[in-house]
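Below is one structure, written out as structure tokens; comments come after it.
In our numbering, the protein residues as written are 44 to 150.
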């Protein structure tokens, strides 16, 4: 029941819903690209990403010192249906602004 409540709680925030939609649209993103694209400070973004990870929505892959976030796969039915509903929301989604052309973070 704890993970279910964390999942519901994670969805009760406009910024976290935006992050889920952004990752769903753009696929795996480095944390620096998320910061740049969503115009968020690192500490605030990290807090939202931590809550989404704990709620079972996203995964993090570490490559050296960089963290790359994506929608977890496979998702259970609840999370999968939540993502499907988020796809239908009228959200003004910012464009992906990559930090580097090579796709490797340099910050």
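Positions of the beta carbon are idealized from the N, C-alpha and C atoms, including for glycine.
Could you check the C-alpha separation between residue i and residue j for me, to the nearest Å?
i           : j           : result
residue 150 : residue 57  : Legend: pLDDT at residue 150 = 49, less than 50; position of this residue unreliable, value from coordinates given subsequently. Approximately 27 Å between the Cα atoms of the pair.
residue 100 : residue 140 : 23 Å
residue 85  : residue 133 : 26 Å
residue 61  : residue 136 : 7 Å
residue 46  : residue 69  : 26 Å
residue 109 : residue 121 : 30 Å
Under the three-state reduction of DSSP, which class applies to residue i: helix, strand or coil?
i           : result
residue 116 : coil
residue 134 : coil
residue 104 : strand
residue 125 : helix
Quick check: residue i and residue j, are their CB atoms within less than 9 Å of each other?
i           : j           : result
residue 94  : residue 52  : yes
residue 77  : residue 129 : no
residue 123 : residue 72  : no
residue 49  : residue 97  : yes
residue 91  : residue 115 : no
Mind reading off the beta-carbon distance from residue i to residue j? Whole number of angstroms is fine, and I expect it under 8 Å.
i           : j          : result
residue 74  : residue 88 : 7 Å
residue 142 : residue 79 : 6 Å
Any alpha helix (DSSP H) of 4 or more consecutive residues that is wholly inside the segment 49-89 | List check, alpha helix (DSSP H) in window: 57-69 and 74-81.
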